[in-house]
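Have a look at the structure below before the remarks.
In the numbering used here, the protein residues as written are 27 to 173.
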């Protein structure tokens, strides 16, 4: 995997988080409707909106660090994300065991995204150099014109 591929996948991760976050904030009923057959209470919808703001802040934070290319951040970020992925899947699978839950497109795509990005994070944690920005081009000095 090249550096540009790895950074491109991290941009995709941030874009998916941003889109999910916007959907949670703007239309929480639509987001929840992809996992459950019964609507949530007002308190549940507030929780989904809060989840959306967390997704948006995650995406914006990831893009800020991608712009800087800071290895020390990624060394902390990837292990935290892996713990978050594990907790996310435990809570998600437990929630889908209820009678009002169903395995629709939302549930399958959620599992697929986590199953794809968790190994990617492990790989990038072992190869932090892939998260670096491309080095700035070196501009050769122009030879002075002899007059």
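Just so it is clear, CB atoms sit at the ideal spot from N, CA and C, and this is done for glycine as well.
Q: For the alpha helix (DSSP H) holding residue 113, just list the boundary residues, first then last.
A: Unbroken alpha helix (DSSP H) run through residue 113: 97-121.
Q: Count the other C-beta atoms from every protein chain shown that fall within 10 angstroms of the C-beta of residue 34, then say buried if there are 16 or more, exposed otherwise.
A: Exposed is the call here.
Q: Quick one: give me the first and last residue of the alpha helix (DSSP H) that residue 136 is part of.
A: Residue 136 -> alpha helix (DSSP H) spans 131-152.
(Q) Taking the beta carbon of residue 147 as the centre, do at least 16 other beta carbons fall within 10 Å, making it buried, or is it exposed? (A) A residue is called buried when at least 16 other Cβ atoms come within 10 angstroms of its Cβ; residue 147 meets this threshold and is buried.
(Q) Assuming residue 158 and residue 95 are in contact, meaning their beta carbons sit under 8 angstroms apart, how far apart are those beta carbons, in whole angstroms? (A) Going by Cβ atoms, the distance from residue 158 to residue 95 rounds to 5 angstroms, so yes, they are a contact pair.
Q. With burial defined as no fewer than 16 other Cβ atoms inside 10 Å of the residue's Cβ, what is the status of residue 84: buried or exposed?
A. Under this definition residue 84 is a buried residue.
Q. Are the beta-carbon atoms of residue 36 and residue 92 separated by less than 7 angstroms?
A. Judged by their CB atoms, residue 36 and residue 92 are nearer to each other than the 7 angstroms cut-off.
Q: Using beta-carbon positions only, say whether residue 127 and residue 62 come within less than 7 angstroms of one another.
A: For the 7 angstroms CB-CB criterion, residue 127 and residue 62 form a contact.
Q. Where does residue 73 sit, in a helix, a strand or coil, going by DSSP?
A. Of the three classes helix, strand and coil, the one that applies to residue 73 here is helix, per DSSP.
Q. Does any heavy atom of the ligand ADP sit closer than 6 angstroms to the C-beta of residue 140?
A. As for the ligand ADP, it is missing from this structure, which has no ligand bound.
(Q) Quick check on residue 53: does DSSP put it in helix, strand or coil? (A) Coil.
Q | Contact between the segment 72-86 and the segment 42-50 (3+ Cβ pairs under 8 angstroms) | A | Contact annotation: the segment 72-86 touches the segment 42-50, with at least three C-beta pairs closer than 8 angstroms.
Q) For the candidate residues 161, 144, 156, whose alpha-carbon lies nearest to that of residue 28? A) Ranking the options by Cα distance to residue 28, first place goes to 156.
Q.
For residue 9, list the residues DSSP reports as bridge partners.
A. Residue 9 lies beyond the range of the chain shown here (27 to 173); nothing can be said about it.
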